[in-house]
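Asker: Sharing a structure with you now.
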Amino acid sequence: MQSFAGQAELGEFLQGTRVLINLLPNTAETAGIINQTLLAQLPDESYVLNLARGVHVVEEDLLAALNSGKLKGAMLDVFSREPLPQESPLWAHPRVAMTPHVAAVTRPMEAITYIAETISRLERGGAGKRSGRPPARLLRRENPATAGFLLINSPVSCYSCGKQKRRM
């Protein structure tokens, strides 16, 4: 597993990240980290999953990336305002899947399965019913347990906003 740490390595990490899963803690350094600048560094048609804190995502920037096609989809478990206001465009966005702030009680294999199924549905162009088995390529990867961004793609990588790389 490749590990990245600190601001100097963030760009390199993002360039190889097709599925970005945010599990970062809420700190002054991480507030608003998923913004226009970060999203622009991801490959086209990437996915963003926020399972950590709503303050990490600048929702207007996320919507702009989804609407432009830069992002293929997003899965959000938390929001900058909770409950999410009824007038939020996230509710009806065809490329957004939402969960009701349940990431803390999710079992790892259930989360992996749900994430894989969500990505698969979004790749097929819709948010239809859960289809059964997730793509095998996503389940065969290691599931590193660390606080930070995780990449479910080949090769498996992790990023820590601290200066030290994590050992996996």
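Position one of the sequence shown corresponds to residue 2 (the numbering used here), numbered consecutively onward. Positions of the beta carbon are idealized from the N, C-alpha and C atoms, including for glycine.
1) Within 8 Å, do at least three Cβ pairs link the stretch 111-121 to the stretch 77-86?
2) Does T18 pass the burial test, meaning 16 or more other C-beta atoms within 10 Å, or should it be called exposed?
3) Compare the beta carbon distance of S47 and L72 with 7 Å and say whether it is the shorter of the two.
4) Which partner residues does K97 have in the DSSP bridge list?
5) Could you check where the beta strand (DSSP E) with N36 kicks off and where it finishes?
6) Judging by CA-CA distance, which residue of L52, V56, A9 is the nearest neighbour of L21?
7) Measure the CB-CB distance between H57 and N23 and report whether it falls below 7 Å.
8) Exposed or buried, E83, counting other C-beta atoms within 10 Å across all chains shown (16 or more means buried)?
9) For Y48, write down the residues that DSSP places opposite it in a beta bridge.
10) In terms of alpha-carbon separation, which member of A9, G55, S69 lies closest to H102?
11) Decide if A29 is buried, meaning its Cβ has at least 16 other Cβ atoms within 10 Å, or exposed.
12) Does DSSP put V59 in a helix, in a strand, or in coil?
13) With a threshold of 6 Å on Cβ separation, who are the neighbours of R96 within its own chain once the five nearest residues in sequence on each side are excluded?
14) Out of curiosity, what's the CA-to-CA distance linking L15 and N27?
15) Leaving out five residues on either side along the sequence, give the residues of the same chain with a beta carbon under 7 Å from the beta carbon of L43.
16) Can the beta-carbon of S81 be found less than 7 Å from the beta-carbon of E61?
Answerer: Reading off the structure:
1) With a cut-off of 8 Å, the stretch 111-121 and the stretch 77-86 do not count as touching, because too few Cβ pairs lie within range.
2) Under this definition T18 is a buried residue.
3) In contact: S47 and L72 (Cβ atoms closer than 7 Å).
4) Position check: residue 97 holds Val in this sequence, whereas Lys was assumed. Paired residues: A75.
5) Careful: N36 lies outside any beta strand (DSSP E) and carries neither H nor E.
6) Closest by alpha carbon: L52.
7) Contact flag set, yes.
8) Exposed.
9) Answer is V20, G74.
10) Closest in C-alpha terms to H102, from the list A9, G55, S69, comes G55.
11) By the C-beta density criterion, A29 is exposed, having fewer than 16 other C-beta atoms within 10 angstroms.
12) Correct three-state label for V59: coil.
13) L67, G74, listed in sequence order.
14) Roughly 20 Å separates the two Cα atoms.
15) Hits under 7 Å: L15, T18, L21.
16) No, Cβ-Cβ distance for S81 and E61 is not below 7 Å.
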